[in-house]
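Read through the structure below, which is laid out as structure tokens, and then see the notes.
Put into structure tokens, the structure is as follows:
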């Protein structure tokens, strides 16, 4: 498991039981911006996504780039934009996800758009743009793609999740109980998991936008605080509980619709 430890300017690799394995990055501005420059430096990395051949991608937020590392701690280089590319600039890239065709989706937050990139880094599709229409974004943070290729974008500036079809045509929005949705992920049963940093809740929604399950913690003393993102596997939900500086494991019983949560366990704190 890889975690973007934003405040410490690094990516942390953890074992399944939470043991520390390795770290990548460390504070620094991109090459050309500082006398303390290092090409493998990171500044407020926001997200990490798996690539091929044990590589992974990092949204290096304050350096306005997506870069690539391998599991052996080697910096592989810029993935987007490419070296010398002055036209396709990113502005505070945040969420990343890989779809089922190994394309990389990038949330270009301050440019209010989402990009679809091929495995070689070529731009295939652009969604959004600033505005008040239902297909526009305002400071989007995360993106997820389901088995059918539908695209879900968390748009906290508009207090909603925007849904597009596989070709990028707008379909609908999800707004039920949402105040500041920042994280979104797809459950194996087809439900949409959403983290809301204002209500401090993790909710699961049907494809038509109805909330069917939510969790805010396990006691008054152990509530979530500004949950920022989630990863859903067939047996476990990994919740990035940002305000509490930890990752929480939520074990699933059967399908998400048939059961409640088991006890959560902090694996990074």
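Residue numbers (full-length UniProt numbering): 1 to 269. Even glycine gets a Cβ: it sits at the ideal position worked out from N, Cα and C. Here the structure is a predicted model, which means the values were calculated and not measured.
Kindly indicate which residue of the options has the alpha-carbon position closest to the one of residue i.
i, options, result
"residue 112", "189, 157, 148", "157"
"residue 12", "23, 18, 6", "23"
"residue 45", "132, 121, 96, 166", "96"
"residue 103", "86, 121, 114", "121"
"residue 150", "118, 165, 233", "165"
"residue 201", "125, 243, 171, 234", "243"
"residue 72", "227, 2, 245", "2"
"residue 229", "148, 78, 84, 248", "248"
"residue 181", "169, 59, 187, 199", "199"
"residue 169", "186, 159, 134", "134"
Give every residue of the same chain whose Cβ lies closer than 6 Å to the Cβ of residue i, excluding the five residues on either side of it in the sequence, and list them in chain order.
i, result
"residue 99", "145"
"residue 155", "137, 140, 162"
"residue 207", "none"
"residue 217", "223, 224"
"residue 143", "95, 97, 105, 107, 114, 153"
Spatial neighbours of residue i within its chain, please: C-beta separation below 7 Å, excluding the five flanking residues on both sides.
i, result
"residue 55", "68, 69, 70, 76"
"residue 171", "163, 164, 165"
Which term fits residue i, buried or exposed, when burial requires 16 or more other beta carbons within 10 angstroms of its beta carbon?
i, result
"residue 61", "buried"
"residue 17", "exposed"
"residue 28", "buried"
"residue 21", "exposed"
"residue 47", "buried"
"residue 167", "exposed"
"residue 82", "exposed"
"residue 129", "exposed"
"residue 15", "exposed"
"residue 183", "buried"
Per DSSP, residue i forms a beta bridge with which residues?
i, result
"residue 59", "47, 66"
"residue 4", "11"
"residue 105", "97, 116"
Taking the straight line between their C-alpha atoms, what separation do you get for residue i and residue j?
i, j, result
"residue 9", "residue 63", "11 Å"
"residue 118", "residue 124", "7 Å"
"residue 38", "residue 219", "44 Å"
"residue 52", "residue 190", "25 Å"
"residue 87", "residue 193", "35 Å"
"residue 25", "residue 179", "33 Å"
"residue 231", "residue 241", "12 Å"
"residue 195", "residue 215", "10 Å"
"residue 85", "residue 212", "45 Å"
"residue 127", "residue 245", "32 Å"
By Cβ distance, which residues of its chain are closer than 8 Å to residue i, with the 5 residues on each side in sequence left out?
i, result
"residue 110", "91, 92, 139"
"residue 235", "251, 252"
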